Amino acid sequence: MNYDEALSLLKKYMKNKNLIKHCIAVGACMKGLAEKFNEDENKWEIAGLLHDIDYEMMKDNFDEHGLKGAEILKEEGIEDEDILNSIRRHPGHKGYEPQTRMDWALYSSDPLTGLIVAATLMHPSKRLKEVDVRFVKKRFKEKRFAAGANRDQIRQCEKLGLELDEFIEICLKSMQGVSDELGL
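Using the working numbering, count along the sequence shown one by one with no gaps and you end on 179.
Written out as structure tokens, the structure is:
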């Protein structure tokens, strides 16, 4: 499956434009991380793009989020177990914790994208391309800022062998590459 096909599939199940932008951001981060680790960039990007495909239908049953997404993707013809498992494991439900490098990348980049978007909206320019790691890191340290962006989950980037600053830098740069699609 290529990016355009995956985006079309996402839009079949997801209508909220901000959630779609979130998925685009996570896809970009995953692609950047795949590049860093010399992994399959398309596979990782697709996993990031489709990770929340079930979010709107599962928002009242979050315990099934990710599990239902993998089920939907399987019904839609996606058979790659790495993608399906990372999507099952990205919420970190008991019994479905991240295990592989790809799982940890998705698990930790998911909340970071929200923090980066929130930081961008607080930046004087409100432009993603003007935001730097230092600015994001400063916001990261403010517990009340973007409180929904789970800092402990973001810190799991250490499971990838990355320091927090490098992880933020990779995701920030990746998101800057899709800033037009994100409207930032």
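In this text, a Cβ means the ideal position worked out from N, Cα and C, and glycines have one as well. Treat the numbers as computed from the prediction; the structure is a model and nothing was measured.
Taking 4 residues as the shortest admissible run, the stretch 4 to 82 contains the following complete alpha helix (DSSP H) segments, listed from N- to C-terminal end: 12 to 31, 36 to 45, 50 to 53 and 62 to 70. Here R150 carries a helix assignment [DSSP, helix/strand/coil].
L107 is a Cβ neighbour of A144, given a cutoff of 9 angstroms. A direct Cα-Cα distance of roughly 17 angstroms separates G61 from L2. In this structure, M97 lies near S81, with their beta-carbon atoms less than 9 angstroms apart.
Taking the C-beta atoms as reference points, G64 is found nearer than 9 angstroms to I48. Residue environment: R122 is assigned as exposed (fewer than 16 neighbouring CB atoms within 10 Å of its CB, all protein chains considered).
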